[in-house]
Amino acid sequence: MSARTATIDRVLSLRRIPLWTLALASAALVTTALIFVFYVAPNDRYLHFNQRIFYFHVSIAFTAYACFAGGAWKALRHLWKRDPRADLESYVCVHQGIIFGAMVLITGSIWAKVAWGQWWLWSEDELVLFLVLYLFYCAYFMLRFSVDPGPQRANLSAVYALFGVVLVPVSFAAIRLSKEFVHPQVFHLHGPNFGGWILVTYCIAQAAMLVLAYTLYRVEIAGKRLDLRLRELKEVLA
Amino acid sequence: MLDGLVLAPCDRSAIWLAKSLATFAFLAAAEVVALPLYAIFFHRVGGATIAAVVLADIGICAVGTFLGAMAVATRARDLLLPLLFLPLAIPIVVGAVGASVVDSPGRYLGFLALYDALFAVVCWASFEFVVSE
Numbered sequence: 039m040s041a042r043t044a045t046i047d048r049v050l051s052l053r054r055i056p057l058w059t060l061a062l063a064s065a066a067l068v069t070t071a072l073i074f075v076f077y078v079a080p081n082d083r084y085l086h087f088n089q090r091i092f093y094f095h096v097s098i099a100f101t102a103y104a105c106f107a108g109g110a111w112k113a114l115r116h117l118w119k120r121d122p123r124a125d126l127e128s129y130v131c132v133h134q135g136i137i138f139g140a141m142v143l144i145t146g147s148i149w150a151k152v153a154w155g156q157w158w159l160w161s162e163d164e165l166v167l168f169l170v171l172y173l174f175y176c177a178y179f180m181l182r183f184s185v186d187p188g189p190q191r192a193n194l195s196a197v198y199a200l201f202g203v204v205l206v207p208v209s210f211a212a213i214r215l216s217k218e219f220v221h222p223q224v225f226h227l228h229g230p231n232f233g234g235w236i237l238v239t240y241c242i243a244q245a246a247m248l249v250l251a252y253t254l255y256r257v258e259i260a261g262k263r264l265d266l267r268l269r270e271l272k273e274v275l276a
Numbered sequence: 636m637l638d639g640l641v642l643a644p645c646d647r648s649a650i651w652l653a654k655s656l657a658t659f660a661f662l663a664a665a666e667v668v669a670l671p672l673y674a675i676f677f678h679r680v681g682g683a684t685i686a687a688v689v690l691a692d693i694g695i696c697a698v699g700t701f702l703g704a705m706a707v708a709t710r711a712r713d714l715l716l717p718l719l720f721l722p723l724a725i726p727i728v729v730g731a732v733g734a735s736v737v738d739s740p741g742r743y744l745g746f747l748a749l750y751d752a753l754f755a756v757v758c759w760a761s762f763e764f765v766v767s768e
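Residue numbers (the working numbering), protein chains in the order written: chain A, 39 to 276; chain B, 636 to 768.
So, in structure tokens, the structure goes:
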């Protein structure tokens, strides 16, 4: 079983892709996405040109969730398999998720200003939900950096990241339920004509954001590893 | 105190369960007094509200005990616990408030039960990693 799993692991492993390939791929994809968003996708019927931020906003939001899910997966690997690299990887995943989450809040505010005339609406449940999740993951950093480095910090961070992946669907369920008595209206992000070039553009933007996030993740993890190694070297020399 | 409890020759998760039950007893004792007063002064308290309060108590105790054990291990223990707990408590508040105001509270109670079950399982499974190194 282990030999076959190892083979599958090696084939599927993204770790083997060199960093410069990833950087080039993300640059190309982001450029393509920008071209599609500005020149190919049709104008929205109600919001006209302004609707185009939707392609980035939604794909960034999805990428942020993917980062949090990746963080939880690495956390599970740390707790379960005792993978020595998993703690740092989990932390970097959550860190990227926080960066993309901040971008979700910013692009969402721009969208809201155009669509609703307000930067932020407390009555919109999706906004509050996302803010709560964002703050939950901000508390991850407070937790992590108020424990001394070591096995206990790795354990606590991993357990907290796992809590997050349980909290996300639970919060979604809570929001769905609360719609009934707080806010009956659902604002439709896009018209009924979701298909054709809109779908193609969205898919390209989504792919671009996912590859960009993975590239940033790899860059950050390479930097963190280098930092750790440098510190060890300093201790040896001192 | 937690360091001493960890020495006990039993499953670590049993400590979490015992602490949760103790907190639950405290909360239940307070509510046995508070709910009749609430019924007298404010609004009728029906079966759905009581069920919602019990389910919310279970969630608060399970998650609160767990995060308490987590926060004790950090430097900013008193400051960190509410920060960690608030986002996790919001679904409980939504479910419990919903169950006590709508006419057919079945879905809210179901949601609270789901929350309790999910987080109880996660806490039970991962408490050992919180108290041991």
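Yeah, the Cβ is synthetic: ideal placement off N, Cα and C, and Gly gets one too.
Checking the sheet assignment: what are the DSSP bridge partners for residue i?
| i | result |
| --- | --- |
| A:His-116 | BP columns for A:His-116 are empty, so no partner. |
Which same chain residues end up closer than 6 Å to residue i when comparing Cβ atoms and leaving out the 5 residues on each side of it in sequence?
| i | result |
| --- | --- |
| B:Pro-740 | Ala-683, Ala-734 |
| B:Glu-763 | Arg-647 |
| B:Gly-622 | As displayed, chain B neither begins before 636 nor continues past 768, which places residue 622 of chain B out of reach and without an answer. |
| B:Phe-754 | Ala-697, Val-698 |
| A:Arg-182 | Ser-195 |
| A:Arg-90 | Val-75 |
| A:Ser-97 | Ala-243, Gln-244, Met-247 |
| B:Val-641 | Val-766 |
| B:Ser-655 | Cys-696, Ala-697, Thr-700 |
| B:Leu-670 | Val-680 |
| A:Val-142 | Ile-98, Ala-99, Ala-102 |
Could you pull out every residue in the same chain whose Cβ sits closer than 8 Å to the Cβ of residue i, ignoring the five residues on either side in sequence?
| i | result |
| --- | --- |
| B:Phe-659 | Asp-692, Ile-693, Cys-696 |
| A:Leu-60 | Val-249, Tyr-252, Thr-253, Arg-256 |
| A:Thr-239 | Ala-71, Phe-74, Val-75, Val-78, Ala-79, Tyr-93 |
| A:Asp-160 | Before going further, note that residue 160 of chain A is Trp rather than Asp in the sequence given. These residues qualify, in order along the chain: Val-166. |
| A:Leu-114 | Ala-196, Leu-200 |
| A:Glu-210 | With the sequence shown as reference, residue 210 of chain A is identified as Phe, and Glu is not the correct amino acid for it. The answer, listed in chain order, is Leu-167. |
| A:Leu-227 | Confidence is the limiting factor: at A:Leu-227 the pLDDT is only 48, short of 50, which leaves the residue's position unreliable, though a coordinate-based value still follows. Within the same chain, A:Leu-227 has close Cβ partners Phe-92, Val-96. |
| A:Trp-157 | Ser-147, Ala-150, Lys-151 |
Return helix, strand or coil for residue i, following the three-state DSSP convention.
| i | result |
| --- | --- |
| B:His-678 | coil |
| A:Ser-128 | helix |
| A:Asp-265 | helix |
| A:Ala-23 | Examination of residue 23 of chain A is not possible in this model, given that chain A is present from 39 through 276 alone. |
| A:Ile-55 | coil |
| B:Gly-745 | helix |
| B:Val-757 | helix |
| B:Pro-726 | helix |
| B:Asp-738 | coil |
| A:Ser-97 | helix |
| A:Asp-121 | coil |
| A:Gly-234 | coil |
| A:Phe-225 | Residue confidence is low: A:Phe-225 scores 38 on pLDDT, short of 50, so the model does not pin down where it sits. No coordinate-derived value is stated. |
| B:Ser-767 | coil |
Ordered along the chain, which non-local residues of its own chain (more than five positions away) have a Cβ less than 7 Å from that of residue i?
| i | result |
| --- | --- |
| A:Phe-207 | The question names Phe, yet the displayed sequence has Pro at residue 207 of chain A. So the list is empty, once near-sequence residues are dropped. |
| A:Val-130 | Tyr-255, Glu-258, Ile-259, Lys-262 |
| A:Phe-174 | Gly-202, Leu-205 |
| B:Val-707 | Leu-637 |
| B:Val-689 | none |
| B:Leu-715 | Ala-706, Thr-709 |
| A:Gly-108 | Cys-131 |
| B:Asp-751 | Leu-690, Ile-693, Gly-694, Ala-697 |
| A:Lys-112 | Ala-124, Glu-127, Ser-128, Cys-131 |
_Complete runs of the alpha helix (DSSP H) confined to the segment 130-212 of chain A [at least 4 residues]_ = Qualifying alpha helix (DSSP H) stretches, in chain order: 163-182.
*Which runs of the alpha helix (DSSP H) fall wholly inside the segment 641-721 of chain B and span at least 4 residues, in chain order?*
Within the segment 641-721 of chain B, the alpha helix (DSSP H) runs of at least 4 residues that lie entirely inside it are, in chain order, 647-676, 682-707.
*Identify each residue in the segment 716-746 of chain B for which the Cβ-Cβ distance to at least one residue of chain A is less than 7 Å, and report them in chain order.*
Leu-718, Leu-719, Pro-722, Leu-723, Ile-725, Pro-726, Val-729, Gly-730, Gly-733, Val-736, Val-737, Arg-742, Tyr-743, Phe-746
*Which residues, in order along the segment 638-658 of chain B, keep a beta-carbon less than 9 Å from a beta-carbon of chain A?*
Within the segment 638-658 of chain B, not one residue has a Cβ closer than 9 Å to any Cβ of chain A.
*Contact set between the segment 663-696 of chain B and chain A, restricted to residues whose Cβ is under 9 Å from the partner*: none
_Under 8 Å, CB to CB, which of the residues in the segment 168-185 of chain A have a partner in chain B?_
Of all residues in the segment 168-185 of chain A, Val-170, Leu-171, Leu-173, Phe-174, Ala-177, Met-180, Leu-181, Ser-184, Val-185 have a Cβ within less than 8 Å of some Cβ in chain B.
*Interface residues of the segment 750-766 of chain B facing chain A [CB-CB below 8 Å]*: Tyr-750, Leu-753, Phe-754, Val-757, Ser-761, Phe-764, Val-765
*Taking only beta carbons into account, state which residues of the segment 705-716 of chain B come closer than 7 Å to chain A, listed in chain order.*
Flagged, chain order: Met-705, Ala-708, Thr-709, Arg-710, Ala-711, Leu-715.
*asked:* What are the residues in the segment 187-212 of chain A lying within 8 Å of chain B by C-beta distance?
replied: Of all residues in the segment 187-212 of chain A, the ones placed with a Cβ closer than 8 Å to any Cβ belonging to chain B are Gly-188, Pro-189, Gln-190, Asn-193, Leu-194, Ala-196, Val-197, Tyr-198, Leu-200, Phe-201, Val-204, Leu-205, Val-208, Ser-209, Ala-211, Ala-212, in chain order.
*Report the residues of the segment 85-117 of chain A with a CB closer than 7 Å to any CB of chain B, ordered along the chain.*
Leu-117
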